[in-house]
Each structure stands twice: as structure tokens, then as C-alpha cells.
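Here the structure comes first, spelled out in C-alpha cells, and everything after it is commentary.
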Amino acid sequence: MKNLLIRRLLLAIPILFGVSVLSFLLLHLIPGDPARIIAGIGASPEDVEVIRKEFNLDAPLYVQYISFITGLFNGNLKSINTQDAVIKEIVPRFINTFQLSLFSIFVSSLIGITFGIIAAVKRNTWIDNLVMGFSLFGISMPIFWLGIILMLIFSLYLDILPPGGKGGLQHLILPGITLGIASAAIVARMTRASMLQVLNQDYIRTALSTGLPKRKVIVKYALKNALIPVVTVVGLQFGYMLGGAVLTESVFGWPGLGRLIVDSIFTRDYPVVQSGILLIAFVFVLVNLGVDLLYAVLDPRIRRR
Amino acid sequence: MNNDEKILEIKNLKVYFDTEEGTVKALENVNLFLKRSEILGVIGETGSGKSVTAYTITRLLPQPPGRILNGKVLFNGEDLLQKSEDEMLNIRGRQISMIFQEPMTALNPVFTVQEQMTDVISHHEKISKKQAIPKAIRALELVKIPDPELVMKKYPHELSGGMRQRVMIALALSCEPELLIADEPTTALDVTVQAQILALILEMRERLGLSVILITHNFGIVAEICDSVAVMYAGNIVEFSSIFNVFENPLHPYTDGLLKAIPPLDEDVENLNVIPGVVPNLISPPSGCRFHPRCYRKLDVCEKEIPELIELSPGHFVACHNPLGGGSK
Numbered sequence: 689m690k691n692l693l694i695r696r697l698l699l700a701i702p703i704l705f706g707v708s709v710l711s712f713l714l715l716h717l718i719p720g721d722p723a724r725i726i727a728g729i730g731a732s733p734e735d736v737e738v739i740r741k742e743f744n745l746d747a748p749l750y751v752q753y754i755s756f757i758t759g760l761f762n763g764n765l766k767s768i769n770t771q772d773a774v775i776k777e778i779v780p781r782f783i784n785t786f787q788l789s790l791f792s793i794f795v796s797s798l799i800g801i802t803f804g805i806i807a808a809v810k811r812n813t814w815i816d817n818l819v820m821g822f823s824l825f826g827i828s829m830p831i832f833w834l835g836i837i838l839m840l841i842f843s844l845y846l847d848i849l850p851p852g853g854k855g856g857l858q859h860l861i862l863p864g865i866t867l868g869i870a871s872a873a874i875v876a877r878m879t880r881a882s883m884l885q886v887l888n889q890d891y892i893r894t895a896l897s898t899g900l901p902k903r904k905v906i907v908k909y910a911l912k913n914a915l916i917p918v919v920t921v922v923g924l925q926f927g928y929m930l931g932g933a934v935l936t937e938s939v940f941g942w943p944g945l946g947r948l949i950v951d952s953i954f955t956r957d958y959p960v961v962q963s964g965i966l967l968i969a970f971v972f973v974l975v976n977l978g979v980d981l982l983y984a985v986l987d988p989r990i991r992r993r
Numbered sequence: 003m004n005n006d007e008k009i010l011e012i013k014n015l016k017v018y019f020d021t022e023e024g025t026v027k028a029l030e031n032v033n034l035f036l037k038r039s040e041i042l043g044v045i046g047e048t049g050s051g052k053s054v055t056a057y058t059i060t061r062l063l064p065q066p067p068g069r070i071l072n073g074k075v076l077f078n079g080e081d082l083l084q085k086s087e088d089e090m091l092n093i094r095g096r097q098i099s100m101i102f103q104e105p106m107t108a109l110n111p112v113f114t115v116q117e118q119m120t121d122v123i124s125h126h127e128k129i130s131k132k133q134a135i136p137k138a139i140r141a142l143e144l145v146k147i148p149d150p151e152l153v154m155k156k157y158p159h160e161l162s163g164g165m166r167q168r169v170m171i172a173l174a175l176s177c178e179p180e181l182l183i184a185d186e187p188t189t190a191l192d193v194t195v196q197a198q199i200l201a202l203i204l205e206m207r208e209r210l211g212l213s214v215i216l217i218t219h220n221f222g223i224v225a226e227i228c229d230s231v232a233v234m235y236a237g238n239i240v241e242f243s244s245i246f247n248v249f250e251n252p253l254h255p256y257t258d259g260l261l262k263a264i265p266p267l268d269e270d271v272e273n274l275n276v277i278p279g280v281v282p283n284l285i286s287p288p289s290g291c292r293f294h295p296r297c298y299r300k301l302d303v304c305e306k307e308i309p310e311l312i313e314l315s316p317g318h319f320v321a322c323h324n325p326l327g328g329g330s331k
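Chains as they are written, first to last, in our numbering: chain A, 689 to 993; chain B, 3 to 331.
Listed below in C-alpha cells is the structure:
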């Protein structure tokens, strides 16, 4: 287990380096002069030259890369719009996104896994059809539409939840559920498929032949096996959520990272965009690391490898 | 205790499966019994209904697609087919246990031996899992597992095939059942390990007074450890008697064919004796005796009438219109 952790952490280092290089190169990979791109259309040649100096765009790429990375940590890398250190802009937004994602993934796992199990156990009955029908609905429906509908019902008609913004826990519920339901649909399908496969295994027959109640066999002996592929899906979903659920954040006015990045793209605030992408990639790698470790917790056969 | 007491008796068992291709007539009319502390071999080709019979006894037959149309499974005189699921939970594992063919896949890969064994023991004995640990260790000792404390902490993938089958047997015997149903317990094992497992089953019979139903397609195994044998063909018991009767004086042409198909060890044979033809499709089985298309002693009546399982000589049952030995009835 410890070896696995160390090996995965070491593997993460080259990945993070590669990601940081790619996000740094973003500005240089766009066709054209980086200084002109930052300055925007209609900027005078003098303005372009000022920006070239300010961003040190004449220096060799590796020097720029190093100053990008160090600037990120020591606060020298500043947002073009606000002139604040990029890290100060991004971190609070990321914390907001993290809260939303955590709540959503909880909703998604709870609903998805529960209904996936029920559908598998009641395979080919009306219950299964109902659950799978809802799941198809959940996957197909646009997330902003669901958000607006929920907002209409719970904020406008019932007036029990705030329609948006950031505040206490009640502000988290609507966007969290919106984001969670879409992902729960995928989790439910995965759980059902995986559970169906596990329920046909010999060891389930063994467990039943020893007289253990069916409920226990399903919830303990089958589920732990069935969860292994589900964890992959949940991990990926969590990663995507942390990358910023732009649509959900926009509908509910949630000040998350996704919106910050999209806004920064429109205002050509490249330092913020680059740093945001770097942070998202970083978090994605961490989440996958967590998923790998969770595999090992669930399946002892992975621990040895 | 009466030695001749029947611990298990199956009467007129009929089980069908509903599939998309049609109804599979898996068991047509199964009759057999098992005396206490005896080992009964159930032998037949793949698809003859051996395993279906076993799963019907423990009520683990998936329903649907399975359907029990008729029959009784009397265990200590009580019909298991009339029991509620709750009552079966106290019978499975405690009074009737099963072991299976594939020790590789029959144990749960993500739980330790200890977790799997103490779960079962604590469920049946109504004790805590901690209290169940010494009992589990004793069960592992019983099946001659060296260093049981260490094996308890292992996951199935860390054990060899023979070891896993021993753990499986320990799990099955941990609550001291009266009847063990072994579904081809040695098929997937090396020959030397096979012999060890068979010897272990014999020993458990001696030590615990265990009754055993041994499902196999290997006459050698039957000859080695069984007291009586039921020969199954296409969902019917075709011959049922003591091991001596069946080997020395087979009455059914199918049994005869199976015995002749065993290659002799002391002679060179060019060709193996095989029974011509293949196992029939059980969706539309042959009329009359299901064996008649492959039978060398076929009479006209065989195509029309289903032969009943009758006691041709004391303790020797056969379902055939034209049995060997005794001539036509």
C-alpha cells in the first residue's frame, strides 16, 4: 500500500510538469504575436511594445516559463484586469468550486449508487425501467435547463431556497443538486451494470449458499466488488466538477473557478487563464491519485502490484 | 439413530426453465434418496440436470427463469420446497452446505478468509464476529490447513487452488451441517490435490457423520468414495443403486455405455468406446425414453412410453423398458 502511494506520487511529478508546460505554452501556441494577442484588437504599436516589455515576452521561453511558475507562487504574476496576484484571485474561487463539487459528488454518489443497486437487484422489472428511465432523462437533459426549473420551483413558487449567489449552506443546495443529478444518472448506470455483473459471480452464489440474508450479500459481498468501476466514474465526475461547472455556476451566480476562467478568456486575462488551467489539471491529477488509492482499498489484488 | 434413515429424499421433482428459445425441460421426474452418513454420487453429462437438482435442494435455483412444477424435497422428513425464505436462511449453511467447482472464483476476492468465515458463523450461531474467530480457526484446522491463524488474514488470491477449496470446505462445514452438497468439487484441481480433497470429504464423513451428495461426471471419483450412485440423463434418473450394483451389474444401457467408455488401464486400446450421438436438446426432448435415439437396446415401446424408475431388484432402481441383465420386463 505504501509502495503504491509512493509510486503513484512519483508518477504524478512528470505529469504535473507536462501540464504546467502546456498551460504556459497556451499563449505562445495561439497563432500570432503573444503581445498583440494580450493587447487585443485595435491596440496601438506602442501599447503592444509596452506589453511586450511588461510580460518579458522577448526573453527565451524557458526563462518565461520559470518566471511564470515562480510568479504564480510569489505573487508576481498578476491579473491584467485587477492587478491582483493571480493566486489571490484563483484560490478563493477554487474553494467555492470545491465546496460545490464536494456537495454535488455526495448527492451524485448517494443517489446514483443507491438507485443503481436497486435497479440491478430488480432487473427487468418496472422498478428497473423507472430508474433507468430517470437516468436517461438525467443524462439527456441540459444542465442549465434543470437548474432553471429547480430555481423556478424552489425559489420562485415555494420560496424556500435562494435562487443564487453565495452565502450559507442554503445557497449550496440548488446548484449542488443540479450538478449532482446529472452526474448521478451516469453513476446509477455504471453501478447497475457493474452490480449485474457481480451478482452473477460464483462468490455471490457461495455467499447465498451459506445462508447469509440476500440483503447482506448484496450490500456487503456484492457491493464492494461492484464499486471498483463505479469509483472510476465518480472520480472522473468529481474531476470535471472541480474543473469548474461553468453552466451551473452561471445559472446560479455561483462565484466558482469555471466562471472566472471563462470571464478571463473574454477579457484576454491570460495569466488568470493559464494559472486556472494549471490548477484544474493539478487537481485532476490529485483526484485520479485518490481514485487509484481507493481502488487499492477496495481490491486487495491491486495492493500487491 | 437408525442407520437406514433417509436424511434426504427427492420425489417426482420436475423443474423447467423459461428461456427465449422455449421451455427447457431440465428435470422431468427425479427420484432419489440419501441415507444418513452416506455419500451419494450423482453422475451425468453436462446438462443432465445434476446441478439443477443440487440448487433445487437448497432453493438457490434462480426463479425466474427456473420453475419448480412438481415434487418434494424431504430433508429429515420436512419438505424444503414448502419452506419460507427466512426458514431457508437457517437451513442453508447450518444444516445443508454447498461447495463448488471453481475454488478460484467461489470465494469473494475482496474479503479476507476471516471476514467471510466469521460472517457466516456469527450469522448462524448468533454470536459476535470476534467470538466466531476461534470457531473459524477450528474449522480450518479440521480441514488440515497448516497455520490457520495466518490463513485467516489472507485474501483468496493469496492461496493456492487446493488451499482455497479447503477454505471453501471449512466455510461449508463451519456450522456443522448434516448434509454437504459438493458440485464437482475436484474438477478444477490437480490430480494429486483432487485425491487430497476426496480423502478430506471421506474423513469428514467419518468424523462428523456428514451425509454427502457428490455431483461429478467422473466415474473414477464415484468408485473411490461413494456408497451409492444416481445416474442422470437428460433430466431423469436412469439408474440408482449401491455402488456395487451399478458397477458390477449395470441395468441401464446408458450406465453400461458410460462404464465401457472408461479406458482400461491394463490394455492397449485403439479406440475408446463412446456412446453414439449427443445429449438431446431439452427444449424438445425425444419422446418416450429420452435416451432412445442413442440406445443400442431400443424397442418400439421406448419411443412412445416414458419408462418409470422401478426397483428391479432390491435396492436397484432403473428406468428402462429393456434393461440389461434381467432381460425385458
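By construction, the Cβ of each residue, glycine as well, lies at the ideal position given by its N, Cα and C atoms.
All figures in this text were calculated on a predicted structure; none of them were measured in a lab.
Straight-line gap, B:I12 to A:G804 (C-alpha atoms, nearest Å) | 39 Å
Quick one, are the C-beta atoms of B:H254 and A:R989 less than 7 Å apart?
-> no
Please state if the CB of A:D987 and the CB of A:I916 are separated by a distance shorter than 7 Å.
-> yes
Is B:T25 helix, strand or coil when you go by DSSP?
-> strand
Completely contained alpha helix (DSSP H) runs for the region 690–771 of chain A, where each covers 4 or more residues = 690–717, 722–727, 733–742 and 749–762
DSSP three-state call for B:L285: helix, strand or coil?
-> Per the sequence presented here, residue 285 of chain B reads as Ile, with Leu not at that position. Residue state, collapsed to three classes: coil.
Which residues mark the beginning and the end of the alpha helix (DSSP H) in which A:H859 is found?
-> L857 to L887
Of all Cβ atoms in chain A, is any one closer than 7 Å to the Cβ of B:Y157?
-> yes
Counting only runs of 4+ residues fully inside the region 136–177 of chain B, write out the alpha helix (DSSP H) ranges in chain order.
-> 150–154 and 163–175
Is any beta-carbon of chain A found at less than 7 Å from that of B:T218?
-> no
What is the rounded straight-line gap between the Cα of A:F786 and the Cα of A:D957?
-> 23 Å
Who are the neighbours of B:G95 on chain A, taking C-beta pairs under 8 Å?
-> S897, T898, G899 and L900
Do you know offhand how far A:I874's Cα is from B:P187's?
-> 40 Å
Return the residue from the list B:R209, B:Y256 and B:H323 that minimises the CA-CA distance to B:S50.
-> B:Y256
Going by the CB atoms, is the gap between A:V736 and A:A727 shorter than 7 Å?
-> yes
Is there at least one Cβ from chain B nearer than 7 Å to A:D1015's Cβ?
-> The shown model of chain A, from 689 to 993, leaves out residue 1015 of chain A, and the question about it has no answer.
Given that B:D258 touches chain A, what residues does it touch there, using C-beta distances under 8 Å?
-> Result: empty, since nearest Cβ-Cβ is about 35 Å, beyond 8 Å.
Neighbour list for B:V193 in chain A, Cβ cutoff strictly below 8 Å = The premise fails here: B:V193 is roughly 22 Å from chain A at the closest Cβ pair, so nothing lies under 8 Å.
Buried or exposed: where does B:L10 fall if 16 or more other Cβ atoms within 10 Å of its Cβ makes it buried?
-> buried
Assign B:Y18 to one of three DSSP states: helix, strand, or coil.
-> strand
CB of A:F791 within 7 Å of CB of A:L860, strictly | yes
Per DSSP, which one or two residues make a beta bridge with B:K37?
-> B:K8
Keeping to the same chain, check which residues put their C-beta closer than 7 Å to that of B:A138; ignore five residues upstream and five downstream.
-> Q116, M119, T120, I123, M154 and S176
Got a sec: is the Cβ-Cβ distance from B:T188 to anything in chain A below 7 Å?
-> no
Just how far apart, CA to CA, sit B:L76 and B:Y18?
-> 20 Å
Where are the beta strand (DSSP E) runs, 3 residues long or more, that stay fully inside the region 188–273 of chain B, in chain order?
-> 213–218, 230–235 and 238–244
Can you name the residues of chain A whose CB is closer than 8 Å to the CB of B:E104?
-> D890
Inter-residue Cα distance where the pair is B:K300 and B:V248 = 20 Å
Measure the C-alpha to C-alpha separation of B:K331 and B:E313 and round it to an integer number of angstroms.
-> With a pLDDT of only 40 at B:K331, under the threshold of 50, the placement of this residue in the model should not be trusted; the figure read from the coordinates follows. Their Cα atoms are separated by approximately 12 Å.
Any C-beta of chain B sitting closer than 7 Å to the C-beta of A:P917?
-> no
Closest Cα partner of A:G923 within the set A:M878, A:I701, A:L862 and A:R811 | A:M878
B:N324, DSSP secondary structure in three states = coil
For B:A108 and chain A, any beta-carbon pair shorter than 7 Å?
-> yes
Buried or exposed for B:A263, please, with buried defined as at least 16 other CB atoms from any protein chain shown within 10 angstroms of its CB.
-> exposed
Residues bridged to B:S99 by DSSP?
-> B:L182
DSSP state of A:V907 mapped onto helix, strand, coil = helix
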